[in-house]
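In this note's numbering, the protein residues as written are 248 to 413.
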């Protein structure tokens with residue numbers, strides 16, 4: 248969740264672009280932490296025509312690498328404007344990940360929460376593994392039947408002993 252609403256950001260940017268107030272005056276007027284945020288909002292507005300995200304974009308590994316190569320000769324904010332990647336801190340995150348994990352670290356991550364249950368097997372079992380699994384299942388079934396029969400015998404013995412006493 249953003250500290251400022253998209254409507255507020257748009258109002259501040261339009262006020263700055265119209266020349267009503269300077270950047271410093273806007274920072275003081277609206278108690279914004281620094282002017283960098285307003286500059287970022289302006290860049291986003293000028294490049295995309297709006298402020299805020301309708302949906303999160305997913306960037307490919309090659310695109311991220313292209314942006315990082317562009318950083319060799321340009322600043323982070325210039326790269327963000329040129330490639331329309333907002334916020335520009337996203338590029339800094341890519342750079343940090345690339346330095347730590349290399350090219351493979353730039354792969355898009357799956358979205359959403361991981362399932363709590365284990366995944367089902369994708370590969371079929373070999374005939375030996377299938378036979379072993381079948382035997383284990385049959386063994387378990389026989390053990391359950393045996394336990395039920397033992398319990399039944401114990402109950403029958405208990406009744407017959409009661410009848411003998413009376």
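Ideal placement from N, C-alpha and C gives every residue a C-beta, glycine not left out.
1. In angstroms, rounded to a whole number, what distance separates the CA positions of residue 399 and residue 393?
2. What three-state label does DSSP hand residue 409 in the structure shown?
3. Would you mind working out which of 286, 285, 355, 345 sits nearest residue 306, comparing C-alpha positions?
4. Can you tell me the Cβ-Cβ gap for residue 288 and residue 259, rounded? I've got them flagged as a contact below 8 Å.
5. Since residue 256 is in the alpha helix (DSSP H), which residue starts that stretch and which ends it?
6. Flag this pair as yes or no: are the beta carbons of residue 347 and residue 298 separated by less than 7 Å?
7. Which same chain residues end up closer than 8 Å to residue 352 when comparing Cβ atoms and leaving out the 5 residues on each side of it in sequence?
8. Report yes or no: do the segment 332-340 and the segment 280-295 share at least 3 C-beta pairs separated by less than 8 Å?
9. If you reduce the DSSP assignment to three classes, tell me which class residue 271 lands in.
10. Going by beta carbon distance, what residues of the same chain come within less than 6 Å of residue 282, once the five residues before and after it are set aside?
11. With burial defined as no fewer than 16 other Cβ atoms inside 10 Å of the residue's Cβ, what is the status of residue 311: buried or exposed?
12. CA-CA distance, residue 251 and residue 292?
13. Assign residue 322 to one of three DSSP states: helix, strand, or coil.
14. Just mark residue 401 as buried or exposed, buried being the case when its beta carbon has 16 or more other beta carbons within 10 Å.
15. Buried or exposed for residue 328, going by 16 or more other Cβ atoms inside 10 Å?
16. Whole angstroms is fine: what's the gap from residue 381's alpha carbon to residue 363's?
Reading off the structure:
1. 10 Å
2. helix
3. 355
4. 7 Å
5. 253-265
6. no
7. 344, 345
8. yes
9. helix
10. 270, 274
11. buried
12. 15 Å
13. coil
14. exposed
15. buried
16. 26 Å
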